[in-house]
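Worksheet for the structure shown next.
Set out below in structure tokens:
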């Protein structure tokens, strides 16, 4: 194959560096990307983030034959349109699963300590048992939390859920049972398992007072207007990382939330490097070239280790997680610019994500002094 010309979003860490030995690389920010740019540069491969929408309108008349996204979801890519054009599509599911799971655990611990809920009394409902949902379940179980799961498509496949998971076939039933609910499904609008406004007025009405809702999936899975109405007569705790009108945020909900962040739950340094590495591999397979993993290996090796914290000390664990993730600072920043005019919000949201500082995952690196009572060590 002749040398491939790539257009790469420069905010995807290390990707341009990794591809330069095997391709001609142009670094084009998502905000500057257009069909005219792709035509002028004669790009064969386009590598983007989830904030860049890719469809036939963008790619018609260009030389692009491969689109890769450093993201777990691909609702920003018009898959059917690209497939009809013979364009290969790749993304990086699972690479940020641990980062998002940690966000959920931080929100859960914040809520539990605020309301003085013993972890063993919490019934956590997980909607979606994919990469992220399973990591959340694993950590919650180790904390002594009771884990309930709803995932009809997976259940229909005959999936065998862990023995410590209680499967609940109906979402309304799950909401009635659980004291905390976390969402981990893709955004889909059609079919029997459509997730647009999956959590709506009915589900919110079934949640008990002071229950916790954690939304890190995709904006639109949770009906924000219904949530606003529910909060007028029932107290609920909320943690929101994604927004229905993203990059615009719901200021009313942001001011009420324990955490209100601009779609950065999966933006740890480890997750960003893993996404870049996986995307580089997908590109190499398509282009039939060999790449060196050295930049990624070096980046992952140069991470400050956390101090040891016992698994059964939620206050110490939360303190450590907050130190390394600093989500409270992200929430303060979002609330500060959520009152800006539309153009200002859009710019602030985009700039915050593109310049996001290095934040480090913790749970997979910790050497816990002891497992929680009644559970085996790992």
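In this note's numbering, the protein residues as written are 1244 to 1621. Each residue gets a CB set at the ideal place from its N, CA and C atoms; glycine is no exception. From a predicted model like this one, the values you see are computed outputs, not experimental measurements.
DSSP three-state assignment for residue i, whether helix, strand or coil
{"i": "residue 1594", "result": "helix"}
{"i": "residue 1314", "result": "coil"}
{"i": "residue 1382", "result": "helix"}
{"i": "residue 1437", "result": "coil"}
{"i": "residue 1470", "result": "helix"}
{"i": "residue 1281", "result": "helix"}
{"i": "residue 1502", "result": "strand"}
Residue i: first and last residue of the uninterrupted alpha helix (DSSP H) it sits in
{"i": "residue 1537", "result": "1537-1544"}
{"i": "residue 1573", "result": "1570-1580"}
{"i": "residue 1520", "result": "1512-1530"}
{"i": "residue 1414", "result": "1414-1420"}
Neighbourhood of residue i by C-beta, 6 Å cutoff - its chain only, sequence neighbours within 5 removed
{"i": "residue 1308", "result": "1287 and 1330"}
{"i": "residue 1440", "result": "1466"}
{"i": "residue 1617", "result": "Confidence at residue 1617 is low in this model, with a pLDDT of 43, below 50, so its placement is unreliable and the value that follows should be read with caution. Once the five neighbours on either side are set aside, residue 1617 has no close Cβ partner at all."}
{"i": "residue 1347", "result": "1379, 1425 and 1457"}
{"i": "residue 1421", "result": "1366, 1368 and 1391"}
{"i": "residue 1518", "result": "1313, 1335 and 1338"}
{"i": "residue 1289", "result": "1250, 1307 and 1310"}
{"i": "residue 1297", "result": "1310 and 1320"}
{"i": "residue 1275", "result": "none"}
Bridge-paired residues (DSSP) for residue i
{"i": "residue 1250", "result": "1269 and 1289"}
{"i": "residue 1393", "result": "1370"}
{"i": "residue 1480", "result": "1455"}
{"i": "residue 1259", "result": "Residue 1259 pairs with nothing; no bridge assigned."}
{"i": "residue 1402", "result": "For residue 1402, which the question treats as bridged, DSSP gives no partner whatsoever."}
{"i": "residue 1297", "result": "1320"}
{"i": "residue 1442", "result": "1465"}
N-terminal and C-terminal residue of the beta strand (DSSP E) that residue i is part of
{"i": "residue 1343", "result": "Element bounds for residue 1343: not the beta strand (DSSP E) but the alpha helix (DSSP H), 1340-1357."}
{"i": "residue 1424", "result": "1423-1426"}
{"i": "residue 1331", "result": "1331-1333"}
{"i": "residue 1409", "result": "1408-1410"}
Residues of its chain near residue i, where Cβ-Cβ distance is below 7 Å and the 5 sequence neighbours each way are ignored
{"i": "residue 1273", "result": "1252, 1291, 1292, 1294 and 1295"}
{"i": "residue 1408", "result": "1380, 1390 and 1392"}
{"i": "residue 1508", "result": "1342, 1343, 1346, 1459 and 1484"}
{"i": "residue 1352", "result": "1557, 1560 and 1561"}
Neighbourhood of residue i by C-beta distance below 8 Å, restricted to the same chain and skipping five residues each side
{"i": "residue 1211", "result": "Residue 1211 lies beyond the stretch modelled for the chain, which goes from 1244 to 1621, so this question has no answer here."}
Minimum Cβ-Cβ distance from residue i to chain B less than 7 Å
{"i": "residue 1294", "result": "The displayed structure is made up of one protein chain only, and chain B is not part of it."}
Given 8 Å, three or more beta-carbon pairs between the region 1550-1561 and the region 1493-1509
Not touching, per the Cβ criterion.
Is the region 1481-1492 close to the region 1392-1410, with three or more CB pairs under 8 Å?
Not touching, per the Cβ criterion.
Any contact of the region 1513-1528 with the region 1340-1350, i.e. 3+ C-beta pairs under 8 Å?
With the cut-off at 8 Å, the region 1513-1528 and the region 1340-1350 touch.
On the three-pair Cβ rule with 8 Å, is the region 1466-1479 touching the region 1436-1454?
Here the region 1466-1479 makes contact with the region 1436-1454; the two share three or more CB pairs at distances below 8 Å.
Does the region 1566-1573 come close enough to the region 1591-1609 that 3 or more CB-CB pairs lie under 8 Å?
These segments touch.
Count the C-beta pairs between the region 1268-1282 and the region 1312-1320 that are closer than 8 Å, then say yes if the count reaches three, no if not.
The region 1268-1282, when compared against the region 1312-1320, does not touch it at the 8 Å Cβ threshold.
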